[in-house]
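Chemist: Those letters in the sequence shown? Residues -1 to 232, by this note's numbering.
Positions of the beta carbon are idealized from the N, C-alpha and C atoms, including for glycine.
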Amino acid sequence: MGREGAFWQKESYDHLIRDADDYWNQRSYILGNPKKASLVNWEFVEEGNSRRPVIAATNSTTTAAKDYIGGFVVGIHGAHEFAEELDQQIDPYGSIMVKAIADRFAEAFAEFLHHKARVEWGYEMEDELTHDQLIHENYQGIRPAPGYPAQPDHTEKPILFELLGASDATGVTLTESCAMHPGAAVCGLYFSHPDSHYFAISELQKDQVTDYAKRKGITMEDAEKWLGPWLGYA
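1) Taking only three categories from DSSP, how would you classify T128?
2) Tell me the rounded alpha-carbon separation between D151 and I216.
3) Where does L84 sit, in a helix, a strand or coil, going by DSSP?
4) When you compare only the Cα positions, how much space is there between N136 and P192?
5) Who are the near neighbours of G230 in its chain, counting only those whose CB is closer than 8 Å to its CB and skipping five residues on each side?
6) Label R141 either buried or exposed according to how many other C-beta atoms from any shown protein chain fall within 10 Å of its C-beta, with 16 as the threshold for buried.
7) Excluding sequence positions up to five away, which residues of its chain have a Cβ less than 8 Å from the Cβ of C176?
8) Just list the residues that DSSP pairs W170 with in beta bridges.
9) Under the three-state reduction of DSSP, which class applies to M95: helix, strand or coil?
10) Among L158, T173, D65, K97, which has the Cα closest to the Cα of H78?
11) So, G68 versus Y188, is the Cβ gap smaller than 9 Å?
12) Determine the extent of the beta strand (DSSP E) in which I67 is found, giving its start and end residues.
13) Suppose you measure from the CA of V117 to the CA of M95; what does that come to, to the nearest Å?
14) How far does the alpha helix (DSSP H) with L161 in it reach, from first residue to last?
15) Looking at the unbroken beta strand (DSSP E) that takes in Y231, where does it start and where does it end?
16) W22 by DSSP, collapsed to three states: which one?
17) Taking the beta strand (DSSP E) that Y137 falls in, what are its first and last residues?
18) Quick check on this structure: which residue in P90, I74, G73 has the alpha carbon closest to the alpha carbon of A81?
19) Determine the direct distance from the alpha carbon of G226 to that of E105, and round the result to whole angstroms.
20) Using a Cβ-Cβ cut-off of 9 Å, state whether T153 counts as contacting chain C.
21) In chain order, what are the residue ranges of uninterrupted beta strand (DSSP E) at least 3 long that sit wholly in the region 193 to 218?
22) Taking DSSP as the reference, what is the three-state secondary structure of H78?
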C-alpha cells in the first residue's frame, strides 16, 4: 500500500494554493495549471437553469481569512499482478474478485485517511462517529476526485500528483490518459466547510467551456475532449 497527503493554504479568489511545506519559498500553484488557471473555478448551472444556484467545489473555501484544502493519493499494489496470474491459471472468477477486493481496499484506505484528516484538522473527534455514520458519510467535509461528476477534468490529476510528489511517495503513476496505475488507486482533495457537499456537473454550455479553457490555458479542442461526457451542446 502507498499513501501521500498534504494541506495547502488558499490565498485568493482565484484559488491560489501555496505548498504548506514550502510557504516561505513562495512556491505557489493555482490548481489546474501551475501558472495561471484554476481547479473547478467555473460556474455550474444545475440542469441548465440560470435561476438555480451556481455551484463550484471552491465555494467551500473562503476569501475572508486563511483557509486550506488538502490533497491525497492512495494505492494498493500487487493485485494487478496476482490477477494476471489467476488469468493464466484460467481462473477468471478469482481474477475478478482480486481486482474488486483491491478496489474496495483502496476506497477504504481513502476513507480512513479522510477520517484521520478530519481528526487532525480538529473538527472531528477520534471516536465521534459510529461505523454506520462513517459508511453513510454523515460527517463534515467532502473529498471530490478528478474525473468524477463534481470535478470531471482528469487533467487536474498531474498537478495534484506534482504537489504531493505522489508517484515517488506511493508508487502510483499516471498514464498519458491520466488513468492511475495500479488501477486500485484513489486521489482527490479535502474540503472541510460545514456546508460542502457533493454535486454533479452536467450540460456544460459552450460559453462555460470557453471560459474554462481560457483560464486553464488550454485549447477549446482539448477542453471539449476532456469534458466531452458533460457537454450540453453538439
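Modeler: In terms of the structure at hand:
1) Here the question's residue 128 lines up with position 130 in the sequence shown. T128 falls in the coil class under three-state DSSP.
2) Within the sequence shown, residue 151 is the residue found at index 153, counting from 1. Within the sequence shown, residue 216 is the residue found at index 218, counting from 1. Straight-line Cα distance between these residues: approximately 12 Å.
3) Within the sequence shown, numbered from 1, the residue matching residue 84 stands at position 86. Helix.
4) By one-based count along the sequence shown, residue 136 stands at place 138. By one-based count along the sequence shown, residue 192 stands at place 194. N136 and P192 have their alpha carbons spaced roughly 11 Å apart.
5) Residue 230 sits at position 232 when you count from the first residue of the sequence shown. Excluding positions up to five away in sequence, the list reads G46, S200, E201, L202, Q203.
6) The residue you call residue 141 lines up with position 143 of the sequence shown. Taking all protein chains shown into account, R141 has 16 or more neighbouring C-beta atoms within 10 Å of its C-beta and is therefore buried.
7) As a first step, residue 176 must be located in the sequence shown, where it is residue number 178. So the qualifying residues of the chain are P144, G145, H152, T153, K155, P156.
8) What you label residue 170 is simply residue 172 of the sequence shown in a count that begins at 1. Looking at the sequence shown, residue 170 is not Trp but Val. Under DSSP, no beta-bridge partner is assigned to V170.
9) Translated into the one-based positions of the sequence shown, residue 95 becomes position 97. Helix at M95.
10) One-based indexing of the sequence shown puts residue 78 at position 80. Closest by C-alpha distance to H78, out of L158, T173, D65, K97, is K97.
11) Against the sequence shown, residue 68 aligns to sequence position 70. Against the sequence shown, residue 188 aligns to sequence position 190. In this structure, Y188 lies closer than 9 Å to G68 by Cβ.
12) As a position in the sequence shown, residue 67 is number 69, starting the count at 1. Per DSSP, I67 belongs to the beta strand (DSSP E) from 65 to 73.
13) The count along the sequence shown starts at 1 and reaches residue 117 at position 119. The count along the sequence shown starts at 1 and reaches residue 95 at position 97. Across the structure, V117 and M95 are spaced so that their CA atoms are roughly 33 Å apart.
14) In the sequence shown, counting from the first residue as 1, residue 161 sits at position 163. Unbroken alpha helix (DSSP H) run through L161: 155 to 162.
15) Walking along the sequence shown from the start, residue 231 turns up at place 233. Counted as a single uninterrupted DSSP element, the stretch harbouring Y231 is not any beta strand (DSSP E), since DSSP gives it neither H nor E.
16) Position 24 of the sequence shown, counted from the first residue, corresponds to residue 22. Annotation note: pLDDT 33 at W22 (below 50); position unreliable, no value reported.
17) As a first step, residue 137 must be located in the sequence shown, where it is residue number 139. First-last for Y137: undefined, no H or E at that position.
18) Residue 81 sits at position 83 when you count from the first residue of the sequence shown. Of the listed residues, the one whose Cα sits closest to A81 is P90.
19) Numbered from 1 along the sequence shown, position 107 holds the residue referred to as residue 105. Numbered from 1 along the sequence shown, position 228 holds the residue referred to as residue 226. Our two residues, E105 and G226, have alpha carbons roughly 26 Å apart in a direct line.
20) Checking the listed chains, one finds no chain C in this structure; it contains a single protein chain.
21) Fully enclosed beta strand (DSSP E) runs of 3 or longer: not present.
22) As a working note, residue 78 is residue 80 in the sequence shown. Reduced to three states, the DSSP call for H78 is helix.
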